[in-house]
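With my numbering applied, the sequence shown covers 1 to 362. Backbone N, C-alpha and C define an ideal beta-carbon position, used for all residues, glycine too.
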Amino acid sequence: MTGHTLFGSEMSYFSGKARAYLRWKGIEFTEIAPSPAMMKTEIMPHIGWPVIPVLKTTDGKYVQDTADIISYFESRTGTPKALPQTPLQALVTYLIQLIADEWMTLPAMHYRWNHNEDWIYGEFGKNAAPDGTPEEQYEAGKAVGQRFKGFVPMLGITPETAPGVEKAYEQFLADFSAHLDKLPYLLGTRASYADFALIGPLYAHQYRDRFTGKHMKRTAPKVADYVERVIEGHGKAGELVPHDDIPASLLPILKAQLGECLPVLLATLERFKEWAETAEAKSDVPRGVGMVPFTTGGKEGMIAARTFPLLRLQDALDAYQIMLPSDRKRANAFLKAIDAEAISALRIDPRLTRRNYKLALV
Ligand SMILES: N[C@@H](CCC(=O)N[C@@H](CS)C(=O)NCC(=O)O)C(=O)O
Numbered sequence: 001m002t003g004h005t006l007f008g009s010e011m012s013y014f015s016g017k018a019r020a021y022l023r024w025k026g027i028e029f030t031e032i033a034p035s036p037a038m039m040k041t042e043i044m045p046h047i048g049w050p051v052i053p054v055l056k057t058t059d060g061k062y063v064q065d066t067a068d069i070i071s072y073f074e075s076r077t078g079t080p081k082a083l084p085q086t087p088l089q090a091l092v093t094y095l096i097q098l099i100a101d102e103w104m105t106l107p108a109m110h111y112r113w114n115h116n117e118d119w120i121y122g123e124f125g126k127n128a129a130p131d132g133t134p135e136e137q138y139e140a141g142k143a144v145g146q147r148f149k150g151f152v153p154m155l156g157i158t159p160e161t162a163p164g165v166e167k168a169y170e171q172f173l174a175d176f177s178a179h180l181d182k183l184p185y186l187l188g189t190r191a192s193y194a195d196f197a198l199i200g201p202l203y204a205h206q207y208r209d210r211f212t213g214k215h216m217k218r219t220a221p222k223v224a225d226y227v228e229r230v231i232e233g234h235g236k237a238g239e240l241v242p243h244d245d246i247p248a249s250l251l252p253i254l255k256a257q258l259g260e261c262l263p264v265l266l267a268t269l270e271r272f273k274e275w276a277e278t279a280e281a282k283s284d285v286p287r288g289v290g291m292v293p294f295t296t297g298g299k300e301g302m303i304a305a306r307t308f309p310l311l312r313l314q315d316a317l318d319a320y321q322i323m324l325p326s327d328r329k330r331a332n333a334f335l336k337a338i339d340a341e342a343i344s345a346l347r348i349d350p351r352l353t354r355r356n357y358k359l360a361l362v
């Protein structure tokens with residue numbers, strides 16, 4: 001396969017996830033960082049809303065959403081498969097994707113907007129106004145960045161919760177460094193889907209943003225080395241851990257992250273069900289259904305009940321539901337070990353899908 005285009009950016013969370021996967025898979029592609037003008041002419045007419053990354057395939061098909069980009073190639077290419085082919089590792093992969101895509105946005109957005117704001121405006125500006133003076137670039141970057149900065153309060157990041165966000169992130173760095181003492185990738189000696197997902201929060205914001213990146217390299221150098229390996233597409237040789245086992249060193253990470261994220265998902269699910277009672281079949285789903293309480297790093301606040309994470313949760317629940325009884329028994333023991341037994345009884349009802357690049361009822 002040759003000649004795919006990835007509309008993405010070095011500064012973008014989900015572009016890193018797609019880029020790491022495409023490199024690892026050996027897909028030939030050109031990455032183009034869309035200027036504000038190109039967002040209007042290339043992205044909006046095809047996708048309907050301003051978002052990256054977007055893949056334009058050699059035959060002119062547009063694919064948006066990193067999970068869809070990965071599955072587009074996975075269904076057309078051979079081994080190694082990004083997604084583990086064994087049941088418990090597949091479930092854990094979807095749980096890591098859920099955390100990486102939807103919960104680690106908190107530290108990513110906090111550090112970018114509370115510690116790197118002026119710097120990131122300059123970076124956005126290099127793309128928005130490539131021929132401008134540094135001042136012009138700063139202003140152009142600010143115009144682009146304001147939209148993303150606007151997501152910060154919706155993620156519950158306030159002066160009260162910020163110390164909790166930092167505490168949870170520091171704990172993650174310590175736990176993940178301990179894992180990397182034992183294994184070079186999340187699920188073995190080769191990279192897999194979960195690693196690409198984790199590059200979302202870890203590359204653009206936590207590694208590449210100037211001040212946060214310095215912090216990572218100083219306090220968690222093994223995590224910084226990992227980010228470099230995965231974003232470069234390394235980790236093709238090697239194996240996933242045998243017997244569908246999950247490395248014990250991942251348990252503290254899953255326990256801590258799901259411990260914070262699951263209560264928000266449960267509260268969101270309740271709100272979503274209430275909304276769905278009066279919604280028309282197959283209708284688009286609103287991006288948020290109100291605000292719900294949350295806790296991170298011991299600090300309490302209110303966070304938007306975003307609906308998209310329910311789609312990522314649905315993937316994890318499907319992986320659990322299709323298990324054979326013997327695998328489900330192992331999965332139950334695993335969920336107990338990470339205090340996430342609630343997952344075994346959960347259903348997204350009505351089910352979610354994506355239609356016209358938007359979240360919708362099935
Ligand atoms: N779930 C999507 C998320 C894509 C996404 O949120 N991209 C960000 C940039 S990293 C964006 O463009 N957001 C615009 C918005 O959410 O309105 C994926 O996995 O691709």
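inquiry  = What does the alpha-carbon distance come out to for the pair residue 327 and residue 262?
reply    = Each residue's alpha carbon lies about 22 Å from the other.
request  = Could you round the C-beta distance between residue 338 and residue 254 to whole angstroms and report it? I think they count as a contact, below 8 Å.
outcome  = About 5 Å separates the Cβ atoms of residue 338 and residue 254, confirming a contact at the 8 Å cut-off.
task = Within its chain, find whatever has a CB closer than 6 Å to the CB of residue 350; leave out the 5 residues flanking it on each side and keep chain order.
result = 276 and 361.
task = Reducing DSSP to helix, strand and coil, say where residue 1 ends up.
result = Summary for residue 1: the model assigns pLDDT 48, below 50, so the residue's position carries little reliability; its value from the coordinates is reported in the next sentence. In the structure shown, residue 1 sits in coil (DSSP, three-state: anything other than H, G, I, E or B).
message = Once the 5 residues before and after residue 126 are set aside, which same chain residues still bring their CB inside 7 Å of it?
response = Within the same chain, Cβ atoms closer than 7 Å to the Cβ of residue 126 are found at 137, the five residues on either side in sequence being excluded.
task = Would you list the one or two residues that DSSP bridges to residue 64?
result = Paired residue(s): 54.
inquiry  = I'd like to know whether the C-beta atoms of residue 343 and residue 88 end up nearer to each other than 8 Å.
reply    = Taking 8 Å as the Cβ cut-off, residue 343 and residue 88 do not qualify as a contacting pair.
key: Rounded separation between residue 155 and residue 321 - CA only   = The straight-line gap separating the alpha-carbon atoms of residue 155 and residue 321 is approximately 30 Å.
task = Could you name the residues that DSSP lists as bridge partners for residue 292?
result = DSSP output for residue 292 lists 303 as bridge partner(s).
ask   = Which word fits residue 44, buried or exposed, when buried means at least 16 other C-beta atoms lie within 10 angstroms of its C-beta?
value = Classified as exposed, residue 44 has fewer than 16 neighbouring CB atoms from the shown chains inside 10 Å of its CB.
ask   = Roughly how many angstroms separate the alpha carbons of residue 49 and residue 42, rounded to a whole number?
value = Approximately 11 Å between the Cα atoms of the pair.
key: Helix, strand or coil at residue 31 [DSSP, three-state]   = Looking at residue 31 - three-state DSSP - the assignment turns out to be strand.
ask   = What do you reckon, are the CB atoms on residue 177 and residue 222 nearer than 8 Å?
value = In contact: residue 177 and residue 222 (Cβ atoms closer than 8 Å).
ask   = Where does residue 7 sit, in a helix, a strand or coil, going by DSSP?
value = Residue 7: strand per DSSP, three-state reduction.
ask   = Taking 7 Å as the cut-off, is the CB of residue 65 close to at least one heavy atom of ligand 1?
value = Answer for residue 65: yes, Cβ within range of ligand 1.
inquiry  = If contacts are defined as beta-carbon pairs under 8 Å, then residue 96 and residue 186 qualify, I think. What distance do you get, rounded to the angstrom?
reply    = Here residue 96 really is in contact with residue 186; their C-beta atoms are around 7 Å apart, less than 8 Å.
message = According to DSSP, is residue 352 part of a helix, a strand, or is it coil?
response = Of the three classes helix, strand and coil, the one that applies to residue 352 here is strand, per DSSP.
message = Would you call the stretch 279-298 in contact with the stretch 165-172, where contact means no fewer than 3 C-beta pairs closer than 8 Å?
response = Segments in contact, yes.
message = Using 8 Å for Cβ pairs, my map puts residue 305 next to residue 268. What's the rounded Cβ distance?
response = Their Cβ separation, rounded to whole angstroms, is 4 Å, which keeps residue 305 and residue 268 in contact under 8 Å.
Contacting residues, own chain, Cβ-Cβ under 7 Å from residue 17 (five flanking each side not counted) = Taking residue 17 as the centre and dropping the five residues before and after it, the same chain places the C-beta of 66, 196, 197, 199 and 200 closer than 7 Å to its C-beta, in chain order.
query = What is the rounded straight-line gap between the Cα of residue 359 and the Cα of residue 184?
reply = Taking C-alpha positions only, residue 359 is separated from residue 184 by approximately 35 Å.
Ligand 1 heavy atom lying under 7 Å from the CB of residue 152 = Relative to ligand 1, residue 152 has its C-beta separated by 7 Å or more from all heavy atoms.
inquiry  = Can you list, in chain order, the residues of its chain with a C-beta nearer than 7 Å to that of residue 100? Leave out the 5 residues immediately preceding and following it.
reply    = Excluding sequence positions up to five before and after residue 100, its CB lies within less than 7 Å of the CB of 197, 198, 200 and 201, all in the same chain and listed in chain order.
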